[in-house]
Ligand SMILES: C[S@@+](CC[C@H](N)C(=O)[O-])C[C@H]1O[C@@H](n2cnc3c(N)ncnc32)[C@H](O)[C@@H]1O
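In the working numbering, the protein residues as written are 1 to 187.
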């Protein structure tokens, strides 16, 4: 595991933050981040302790031609991530994803990993996807959940994605269940 990711995982453990993305999701994030074009923008909804963010930054390597914005609603949790050492082109911002999304513009890669912008307000996230932009959603495998409301939530996300005819989707039965969606360029 990259040392920067390892440090973020340790910070999460020290603060008993249990919701970080798993390794497979993180590696996928790194791969997708590496493909973002020069001048591109990456958005993470739900910074948590910064593990997903560390994978994104790892994927970018030393590149400074891509900006990364990560939004976290809880200031205490954001503080865990902010304790990390991030390059200048990475910003952790405190706020409610649903409230701020309409003013953020478009992004080339979005990791929607917060209640807001994923389970609630997903259409706002889809509107923030640039042409050829890629959205990554984890926790999409209903078999991992027992409660009917979780199944309903996953079903609602899947319906919202399926109704957007501009998206190309793949369902990956790995980790917690991953969906990747790419926004087809408008004609
Ligand atoms: C699953 S964790 C994020 C894990 C992180 N993305 C990672 O990969 O390590 C979800 C985070 O979203 C935050 N959150 C929940 N609702 C939010 C909202 N409406 N806007 C921004 N962040 C939110 C929670 O406080 C929590 O820290």
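Don't be surprised by glycine CBs; every beta carbon is placed ideally from N, CA and C. If you're wondering where the values come from, they're calculated on a predicted model, not measured in any experiment.
Taking the alpha helix (DSSP H) that residue 152 falls in, what are its first and last residues? Within the chain shown, the letter at position 152 stands for residue 152. Its alpha helix (DSSP H) spans residues 148-163.
If we require 4 or more residues per run, which alpha helix (DSSP H) segments fall completely within the region 23-101? 23-34, 51-60, 75-82 and 97-100
Do the region 7-19 and the region 47-63 touch if we need at least three Cβ pairs shorter than 8 Å? yes
Inter-residue Cα distance where the pair is residue 39 and residue 106: In the chain shown, the residue the question calls residue 39 occupies position 39. In the chain shown, the residue the question calls residue 106 occupies position 106. In a straight line, the C-alpha of residue 39 is about 12 Å away from that of residue 106.
beta-carbon residue 136 near ligand 1 non-hydrogen atom, thresh 7 Å: Taking the chain shown and counting its residues from 1, the one referred to as residue 136 is at position 136. No; taking the cut-off as 7 Å, the Cβ of residue 136 has no heavy atom of ligand 1 nearer than that.
Are there 16 or more other CB atoms within 10 angstroms of the CB of residue 163, so buried, or fewer, so exposed? Along the chain shown, one-based indexing puts residue 163 at 163. Under the 10 Å beta carbon count, residue 163 is surrounded by fewer than 16 other beta carbons and is classified as exposed.
Tell me, to the nearest whole angstrom, how far the beta carbon of residue 60 is from that of residue 78; I am working on the premise that it is less than 8 Å. Along the chain shown, read from residue 1 onward, the residue named residue 60 stands at position 60. Along the chain shown, read from residue 1 onward, the residue named residue 78 stands at position 78. Approximately 21 Å separates the beta-carbon atoms of residue 60 and residue 78; this is outside 8 Å, ruling out the contact.
Give the single residue among 128, 41 and 156 whose Cα lies nearest to the Cα of residue 183. For this step, residue 183 is matched to residue 183 along the chain shown. Ranking 128, 41 and 156 by Cα distance to residue 183 puts 128 first.
What are the boundary residues of the beta strand (DSSP E) that residue 172 is part of? Here residue 172 is taken as the residue at index 172 of the chain shown, counted from 1. From DSSP, the beta strand (DSSP E) with residue 172 extends over 167-172.
Within 8 Å, do at least three Cβ pairs link the region 130-148 to the region 110-121? yes
Taking DSSP as the reference, what is the three-state secondary structure of residue 11? Walking along the chain shown from the start, residue 11 turns up at place 11. It is helical.
Specify the secondary structure class of residue 132 as computed by DSSP and reduced to three states. Taking the first residue of the chain shown as position 1, residue 132 is located at position 132. Residue 132: strand per DSSP, three-state reduction.
Between the Cα of residue 124 and those of 160, 10 and 92, spot the shortest distance and give me the residue it belongs to. To locate residue 124, count along the chain shown from 1; it is residue 124. Of the candidates 160, 10 and 92, the one whose C-alpha sits nearest the C-alpha of residue 124 is 160.
Restricting to Cα atoms, I'd like to know which of 56, 28 and 27 is closest to residue 41. The residue labelled residue 41 in the question sits at position 41 within the chain shown. The shortest Cα separation from residue 41 among 56, 28 and 27 belongs to 56.
Please report the residue range of the beta strand (DSSP E) in which residue 109 lies. Translated into positions along the chain shown, residue 109 becomes position 109. Per DSSP, the continuous beta strand (DSSP E) segment holding residue 109 begins and ends at 107-112.
Enumerate in chain order the residues of its own chain whose CB-to-CB distance from residue 30 is below 6 Å, with the five nearest sequence positions on each side excluded. Residue 30 sits at position 30 when you count from the first residue of the chain shown. Within the same chain, residue 30 has close Cβ partners 55, 58 and 59.
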